[in-house]
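Student:
Residue numbers (this note's numbering): 1403 to 1796.
#1: Is it buried or exposed, residue 1385, if we count other Cβ atoms within 10 angstroms and call 16 or more buried?
#2: Closest to residue 1570 by CA distance: which of 1455, 1510 and 1556 is it?
#3: Around the C-beta of residue 1601, are 16 or more other C-beta atoms found within 10 angstroms, so that it is buried, or is it exposed?
#4: Given a cut-off of 8 Å, decide if residue 1738 and residue 1684 are closer than it, judged by their beta-carbon atoms.
#5: Return the chain-ordered ranges of every alpha helix (DSSP H) run that is complete within the segment 1721-1779 and spans a minimum of 4 residues.
#6: Enumerate in chain order the residues of its own chain whose CB-to-CB distance from residue 1579 is below 7 Å, with the five nearest sequence positions on each side excluded.
#7: Whose CA, out of 1517, 1480 and 1453, lies closest to the CA of residue 1420?
#8: Jot down the residue ranges of each uninterrupted beta strand (DSSP E) in the segment 1542-1617, minimum 3 residues, whole runs only, in chain order.
#9: Which same chain residues end up closer than 6 Å to residue 1605 when comparing Cβ atoms and leaving out the 5 residues on each side of it in sequence?
#10: Leaving aside the five residues before and after residue 1595 along the sequence, list all residues of the same chain whose C-beta is less than 7 Å from its C-beta, in chain order.
#11: Indicate the three-state DSSP secondary structure (helix, strand or coil) for residue 1403 in the structure shown.
#12: Who pairs with residue 1494 in a beta bridge, going by DSSP?
#13: Residue 1487 and residue 1453 look like a contact to me (Cβ under 8 Å); what is the Cβ gap, rounded to whole Å?
#14: Of the choices 1428, 1773 and 1636, whose alpha-carbon is the least far from that of residue 1653?
#15: Is the Cβ-Cβ distance between residue 1440 and residue 1476 less than 8 Å?
#16: Quick check: the Cα distance between residue 1512 and residue 1641, rounded to an integer number of angstroms?
#17: In chain order, what residues of the same chain have a beta carbon less than 8 Å from the beta carbon of residue 1418, not counting five sequence neighbours either side?
#18: Mind checking which residues open and close the beta strand (DSSP E) that includes residue 1517?
#19: Could you compute how far the alpha carbon of residue 1526 sits from the alpha carbon of residue 1559?
#20: Where DSSP assigns a beta bridge to residue 1540, which residues make up the other side?
#21: Rounded to whole angstroms, what's the CA-CA distance from residue 1645 to residue 1500? Just pull it up for me.
#22: Near residue 1614, what residues of its chain come up, given a Cβ to Cβ distance below 7 Å and the 5 sequence neighbours on each side ignored?
#23: Rounding to the nearest angstrom, what Cα-Cα distance links residue 1690 and residue 1775 in this structure?
#24: How big is the Cα-Cα spacing for residue 1582 and residue 1591?
#25: Does the beta-carbon distance from residue 1384 to residue 1514 come in below 8 Å?
#26: Enumerate, from N- to C-terminal direction, the unbroken alpha helix (DSSP H) stretches of 4 or more residues contained entirely within the segment 1407-1479.
#27: Do you know how far the Cα of residue 1674 is from the Cα of residue 1707?
#28: Measure the alpha-carbon distance for residue 1692 versus residue 1662 and round it to whole angstroms.
#29: Can you tell me where the alpha helix (DSSP H) holding residue 1686 begins and where it ends?
#30: Please say whether residue 1668 and residue 1713 have beta carbons closer to each other than 8 Å?
#31: Could you tell me which residues DSSP pairs with residue 1489 in its beta bridges?
#32: Thinking residue 1522 and residue 1670 are a contact (beta carbons under 8 Å), I'd like their distance in whole angstroms, please.
#33: Got a sec, what are the start and stop residues for the alpha helix (DSSP H) residue 1709 sits in?
#34: Return the residue from the list 1438, 1433, 1407 and 1634 that minimises the CA-CA distance to residue 1426.
#35: Between residue 1405 and residue 1659, what straight-line distance do the alpha-carbon atoms span, to the nearest angstrom?
#36: How would you call residue 1807, buried or exposed, if buried means at least 16 neighbouring beta carbons within 10 angstroms?
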């Protein structure tokens, strides 16, 4: 008998986040005496090595004496094909409801390493479904009142590119060790493990949602998705170093959408320091890819001309565009502050969209622009969400 669970729960910084509170779940296995020979462990033994839910499918096949396909991830923990646990578990975060984020993490028996590929976005992005919980409402109310400090305040601040936590000494993961020279070796080792995993699984998270490149087969066409090159550019982007501005400007001229997208993201992450790239960003406002145009418009709006950036984003809000494009534009408009008012007509139309995420994001931003927002404001239509086949979280 195998007992485990979902990682459900509504506690702040639990479900949907890449810390232990959001990813770790129980796993208890009872092995009847007559099957003891199929277990590499003794009764009552606690296994300290990290395992993952992806180990369960090959484990069941092994217990049934069915060969485990070479294409299947995970390791069988019991049965005749049992192998030692990998000792590490990987996780990630992408779009959650209507909000985009991009986090990848690896955990061994003691340490957790996180890499934030959207460090310019806070952990505490408003998600309409999540904000029904009183804990998130109270947390943001304290933030807006200016009464937060220390680790609690970090939830609403930009993220570091990397985080490292000692789970034995700091189970709540509040003391980030990534910049501690004493942990440089551990950081480098976990960084390497994560890089190797992203390459091994051909992680599609670097591809903007809705791009034709997405999907198992398209992203594996020879030359279509140069993941090592993309990862290198994304790694340069999250460093947020103005010295790399010319790297991003050059990459904006690349023929491949995913490279141009990360070039625009790199300039966006520089904030006002991207102003010297104004000409390149202005050219990118007419890029054939909507995803590149949106990233460039936000970068241009924040560094050069807010109303112009908002106007470009407003054109991506129309119902003729697929939901991912509209969501990406809505997410970008949030960070243009008052200049987002130049997209108000599009926001009003999007507030009645059939897609629940588009609708919630538009309603939220309209409340903010009109000075009517409170953390308790309801922008989420639960009945419509349940009825929509496209309303699930990723």
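Beta carbons are placed, not taken as given, at the ideal position from N, Cα and C, and that holds for glycine.
Tutor: Straight from the coordinates:
#1: Here the chain has residues from 1403 to 1796 only, and residue 1385 is not among them.
#2: Among 1455, 1510 and 1556, the Cα nearest to that of residue 1570 belongs to 1510.
#3: With fewer than 16 Cβ atoms within 10 Å of its Cβ, residue 1601 is classed as exposed.
#4: Contact: no.
#5: DSSP runs (the alpha helix (DSSP H)) wholly in the segment 1721-1779: 1725-1736, 1746-1752 and 1758-1771.
#6: Result list for residue 1579: 1566, 1567, 1568 and 1585, in chain order.
#7: Restricting attention to 1517, 1480 and 1453, the CA atom closest to the CA of residue 1420 is found in 1517.
#8: Taking only runs of at least 3 residues, the beta strand (DSSP E) segments lying wholly in the segment 1542-1617 are 1564-1568.
#9: Contacts found: none.
#10: Sequence-distant Cβ neighbours of residue 1595 in its own chain, meaning closer than 7 Å and more than five residues away, are 1490 and 1508.
#11: In the structure shown, residue 1403 adopts coil according to DSSP, grouped into three states.
#12: Answer is 1506, bridged to residue 1494.
#13: 5 Å between Cβ atoms; contact.
#14: For residue 1653, the nearest C-alpha among the options comes from 1636.
#15: It is not a contact, given that the beta carbons lie outside the stated cut-off.
#16: Straight through space, the alpha carbons of residue 1641 and residue 1512 are spaced by roughly 26 Å.
#17: For residue 1418, where only same-chain residues beyond five positions count, the Cβ hits under 8 Å are 1424, 1495, 1498, 1529, 1532 and 1795.
#18: Here the beta strand (DSSP E) through residue 1517 covers 1513-1518.
#19: Taking the straight line from one Cα to the other gives about 8 Å.
#20: According to DSSP, residue 1540 bridges with nothing at all.
#21: Each residue's Cα considered, the two are about 33 Å apart.
#22: If the five residues before and after residue 1614 are omitted, its C-beta is found closer than 7 Å to the C-beta atoms of 1620, all from its own chain and listed in chain order.
#23: Computed Cα separation, rounded: 35 Å.
#24: C-alpha separation (whole angstroms): 14 Å.
#25: Given a span of 1403 to 1796 for the chain in the structure shown, any question on residue 1384 remains unanswerable.
#26: For the segment 1407-1479, whole alpha helix (DSSP H) runs of length 4 or above, ordered along the chain, are 1422-1425 and 1458-1465.
#27: Between residue 1707 and residue 1674, the C-alpha separation is close to 11 Å.
#28: In a straight line, the C-alpha of residue 1692 is about 11 Å away from that of residue 1662.
#29: Looking at the DSSP string, the run of the alpha helix (DSSP H) that includes residue 1686 is 1680-1686.
#30: Using a Cβ distance threshold of 8 Å, residue 1713 and residue 1668 do not count as a contacting pair.
#31: In the DSSP output, where bridge partners are listed per residue, residue 1489 has 1452.
#32: Contact flag correct, Cβ pair sits at about 7 Å.
#33: For residue 1709, the enclosing alpha helix (DSSP H) starts and ends at 1708-1716.
#34: Of all alpha-carbon atoms in 1438, 1433, 1407 and 1634, the one lying nearest the alpha-carbon of residue 1426 is that of 1407.
#35: Each residue's Cα considered, the two are about 44 Å apart.
#36: There is simply no residue 1807 to check, as the chain begins at 1403 and stops at 1796 in what is shown.
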